[in-house]
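Okay, so here's the structure we're looking at.
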Amino acid sequence: MTNGDLKIKLPEILPSITFEEGGQWLNINIEPKEWLLFAKNLRNNPDLDFDYLFCLTCVDWRTHLTMVYHLESTQYRHTIVVKSKLDRNKPEIESVSQIWRTTDFHEREVYELFGVNFLNHPDLRLLILPDGWEGKFPLRKDFEDPVNMIKL
Amino acid sequence: MDVKPDIQNPFPGEVHPTPTGGVLVTAIDDVINWARSNSLWPLVFGTSCCAIEMMSTASAKYDWSRFGFEVTRATPRQADVIIIAGTIVNKMAPVLKRLYDQMADPKYVIAMGACATSGGPFFYNTYSVVKGADHVIPVDVYIAGCPPRPEALLHSLITLQKKIKAGLTREQIRMEKPEIPIP
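These protein sequences, in sequence, are chains E and Z. Numbering follows the working numbering, in which position 68 of the first sequence is assigned residue number 72; successive positions increment by one, without gaps. Numbering follows the working numbering, in which position 137 of the second sequence is assigned residue number 505; successive positions increment by one, without gaps.
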C-alpha cells in the first residue's frame, strides 16, 4: 500500500489517530490507551500485515516522553511510524511483546533507560544496566550522576 | 605506509670475527628484551570502532606481522600485549582487569584512541564510560585519534618495541633492582 492508501485505510480501524507530515515514512499519532488494540489490528489485518517491528525507541522532550514504533510489512513492504505521547511523571503504555516478540528486549531497554512502565510485559526488569540501577533512568534529560558524570 | 622497522637498533651486541666464524659479546638482558620486542602477540580485544582500525592494521594492506606482531591470540594466557581498542564502560572495566591479570608476564598495554586514553568523546555528560583505561590497568603507550589510523597504531607498536629494548620491564621496575643498568 502507498502512504495515500494507508491514510485512507488506517482511520477506518481507529478514527482518533492523527497524521504527521514531513518524514520519510507515514507518521501516526495515537493515544497510549488505544495502542494495544490498534497494534493487534495492524498485525492481524490481512491488508496491512505489519509483521516486522524494526525499531522501538523513546524520546525525552522534557515536557513529555514519546514512544516511537517503526513497523514494516515484509509482504507488502509498506512502513509506518507510530508515535504516542506519555505523561512524564507516570509513563505507562501497554506492552506489545505478545504481538511482536522482539519488543520483549526493546521494552526492557526503554524501561531501564527511560522508566516507561510497560503494562502486562512478561518479564520487565533491567536488561543491560547492572543491578541497583532501578529507578534512575540515565537517558532522561534531567538525569544527574555526580559520581560518574562530569557536567559540561 | 612509510613506517619502517627500527633498523637503528639491530641485534644488541658485538660480533668479533674469527677465522672459524665469530664470537658474540652481549648482555643476556639485552637479548631477552630484543627477543621479546620482536615477538609481541596481541590479545584479540576490541570494544568499539578502534577495533576496525586494528583489524585493518592486522590485515594485508598494513600487515603488522612485518614488525613482529605476528598472531593475535584469543586467550590472554598466550598474549603479550593488550591493545585497548575502544571505549571502556564501567561494566567492562572488571572484565578488562581480569584479562590483564590473566596475561602472563611480561605484559604490555597500548591505549588506542581517545576513548581508551581519556574517555574522549564520552568525557562529559556520560554516566557509563571509564575516563581513561589507565584508571583500570597501567598503560605503556597512548595513541591519539578517534579512531587512529593504522599508521598510528603501527607507530605505537614500534614505540612499544623501542621501550622494551630500552631496558626494564614494568615488573623489574616494580621489584626495584637498581643494580641493572639501563643501556
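For every residue, glycine included, the Cβ atom is placed at its ideal position computed from N, Cα and C. Just so we're clear, the structure is a prediction, and the values are computed from it rather than from any experiment.
I believe residue i touches residue j by the beta-carbon criterion, under 8 Å. Please report the beta-carbon distance rounded to the nearest angstrom.
i, j, result
"Leu60 (chain E)", "Glu111 (chain E)", "7 Å"
"Arg144 (chain E)", "Asp64 (chain E)", "5 Å"
"Val86 (chain E)", "Ile34 (chain E)", "6 Å"
"Leu467 (chain Z)", "Ile450 (chain Z)", "7 Å"
"Leu521 (chain Z)", "Glu421 (chain Z)", "6 Å"
"Pro506 (chain Z)", "Ala447 (chain Z)", "That belief does not hold up - the Cβ atoms of Pro506 (chain Z) and Ala447 (chain Z) are roughly 16 Å apart, past 8 Å."
"Met342 (chain Z)", "Pro516 (chain Z)", "The first residue shown for chain Z is 369 and the last is 551, placing residue 342 (chain Z) beyond what the model contains."
Straight-line CA distance for residue i to residue j?
i, j, result
"Ile396 (chain Z)", "Val151 (chain E)", "49 Å"
"Ile21 (chain E)", "Leu41 (chain E)", "13 Å"
"Ile154 (chain E)", "Tyr80 (chain E)", "48 Å"
"Met369 (chain Z)", "Glu519 (chain Z)", "Any reading at Met369 (chain Z) must be qualified, since the residue scores a pLDDT of 48, below 50, and its modelled position is unreliable; the value itself is stated next. Those two C-alpha atoms are separated by around 7 Å."
"Asp502 (chain Z)", "Asp108 (chain E)", "37 Å"
"Leu57 (chain E)", "Leu117 (chain E)", "20 Å"
"Val114 (chain E)", "Leu75 (chain E)", "17 Å"
"Leu156 (chain E)", "Tyr492 (chain Z)", "6 Å"
"Arg2 (chain E)", "Asn121 (chain E)", "Not covered by the structure: residue 2 (chain E). The range shown for chain E is 5 to 156."
"Thr415 (chain Z)", "Leu464 (chain Z)", "10 Å"
"Asn93 (chain E)", "Met71 (chain E)", "15 Å"
"Phe23 (chain E)", "Leu30 (chain E)", "7 Å"
"Gly381 (chain Z)", "Ala461 (chain Z)", "42 Å"
"Leu123 (chain E)", "Ala43 (chain E)", "14 Å"
"Ala556 (chain Z)", "Val498 (chain Z)", "Coverage of chain Z is limited to positions 369 through 551, which leaves residue 556 (chain Z) absent and any answer about it impossible."
"Phe54 (chain E)", "Leu69 (chain E)", "24 Å"
Just mark residue i as buried or exposed, buried being the case when its beta carbon has 16 or more other beta carbons within 10 Å.
i, result
"Phe379 (chain Z)", "exposed"
"Thr425 (chain Z)", "buried"
"Gln28 (chain E)", "exposed"
"Ser427 (chain Z)", "exposed"
"Lys37 (chain E)", "exposed"
"Ser405 (chain Z)", "buried"
For residue i, decide whether its Cβ has a neighbour in chain E, counting only Cβ atoms nearer than 8 Å.
i, result
"Lys465 (chain Z)", "no"
"Thr494 (chain Z)", "yes"
"Phe437 (chain Z)", "no"
"Met369 (chain Z)", "For Met369 (chain Z), the predicted structure reports a pLDDT of 48, less than 50, and the residue's modelled location is therefore unreliable. The matter cannot be settled from this model."
Is the Cβ of residue i closer than 8 Å to any Cβ of chain Z?
i, result
"Ile17 (chain E)", "no"
"Leu131 (chain E)", "no"
"Asp163 (chain E)", "Outside the shown range of chain E, which is 5 to 156, sits residue 163 (chain E), and nothing can be said about it."
"Leu117 (chain E)", "no"
"Asp149 (chain E)", "yes"
"Pro134 (chain E)", "yes"
Going along chain A in order, which residues have a C-beta closer than 8 Å to the C-beta of residue i?
i, result
"Phe491 (chain Z)", "Of the protein chains in the structure, E and Z, none is chain A."
Worksheet item: Counting pairs of Cβ atoms below 8 Å between the stretch 473–485 of chain Z and the stretch 449–456 of chain Z, do you hit three or more?
Response: yes
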